Amino acid sequence: MTERLQKILSTAGIASRRTAETLIEQGRVSVNGTTVRELGTKADPVADDIRVDGRRVKAAGPRRYLLLYKPRGYITSRSDPQRRPTVMDLLATGGVREYVYPVGRLDYDSEGLLILTSDGELAARLTHPRHGVEREYEVKVRGVPDAHALDRLSKGISLEGRRTADARVELTKVIEAESGPQSLLSFVIQEGRNRQVRNMCDAVGHPVMRLRRVRIGPIRDEHIRPGEFRDLSPREIALLSKATGATGARPRTERGARSRSGRAADRPRRG
């Protein structure tokens, strides 16, 4: 059965859908010996000889789904031209050899839950706004936002000429510190624009001091610590698929989901 090339590449764990499109446009993908640059090109992942940079793309096998607590001071990327630490360094230290990539953004100064996977189809669904997958953040800001500021944050703020979508923003705690009052906010958004929460808080005069992602769709983990990661359970993968309308996710087998030390798949391990 034929499929679009970018879908084949993302399903095979070569790259995210967006990166796969870039590879095609750059002329780095060939089908049966012919270089392809058109994004609408279709191929058969089993019958056709599909290659990226001369290396044959294997049909998709069992997929990997990881949940990482990204610490502050790490880039959410597979590589960084400035040679800063990336989330992939944490996985490599922990023995992950599969080609996985981060789903969505979590900036250098932020921390919290991050999904990494080789399932390009699910990754695309998780990040596309039309599926409305929520992200929840615990945000510490300077000062105490009043009702007007909270209302602005909830109803949308213009950032770089585009208004943010509605959000759920609540003041959960006021902290009296020597340097002045601080507040904890709960942010629930369905967008993933670059530094969105930080820029929204700046716009209402309450800069972010700390930002931590605590939920991705139905996925929470209050026990995982900074730098630790674990495989998502089959139930969690099914919940993510349901949240995006996707079906047919194929998690690793139980044996493959264990670490080299033989610990259970759902027990976090440090990178």
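Be aware that the sequence shown starts at 1009, since it is given in our numbering, and climbs by one per residue.
A virtual CB, placed ideally from N, CA and C, is assigned to each residue, including glycine.
This structure is a prediction, so every number in the text was calculated from the model and none was measured.
Between which two residues does the beta strand (DSSP E) carrying Asp1239 extend?
1236 to 1239
For Met950, does the three-state DSSP call read helix, strand or coil?
Nothing about residue 950 can be reported from this structure: the residues present for the chain run from 1009 to 1279 only.
Determine contact between the stretch 1228 to 1243 and the stretch 1071 to 1087, defined as no fewer than three beta-carbon pairs at a distance below 8 Å.
yes
Look up Glu1186 in the DSSP assignment and say whether it is helix, strand or coil.
coil
Go ahead and pull the three-state DSSP assignment for Leu1197.
Going by the sequence as given, residue 1197 is Ile instead of Leu. Here DSSP, grouped into helix, strand and coil, assigns Ile1197 to strand.
Can you tell me the Cα-Cα spacing of Gly1128 and Glu1046, whole angstroms?
19 Å
In terms of DSSP beta bridges, what is Lys1148 paired with?
Leu1192, Arg1218
Quick one: Cα of Leu1222 to Cα of Val1196, how far?
Per the sequence presented here, residue 1222 reads as Val, with Leu not at that position. Approximately 10 Å, taken between the alpha carbons.
Would you identify the three-state DSSP class for Asp1052, choosing helix, strand or coil?
Coil at Asp1052, not helix or strand.
In angstroms with no decimal places, state the Cα-to-Cα distance between Arg1150 and Val1182.
Roughly 10 Å between the two C-alpha positions.
On a CA-only basis, which of Glu1144, Arg1072, Ala1211, Glu1186 is nearest Leu1193? Give me that one, please.
Glu1144
Is it true that the stretch 1041 to 1056 meets the stretch 1103 to 1110, where meeting means three or more beta-carbon pairs spaced less than 8 Å apart?
In short, these stretches do not touch, since the Cβ pair count stays below three.
Per DSSP, Glu1230 forms a beta bridge with which residues?
For Glu1230, which the question treats as bridged, DSSP gives no partner whatsoever.
Among Ala1023, Gly1200, Tyr1082, Ser1126, which one has its Cα closest to the Cα of Arg1059?
Ala1023
Please confirm if the stretch 1170 to 1182 is in contact with the stretch 1081 to 1099, defined as three or more CB-CB distances below 8 Å between the two stretches.
no
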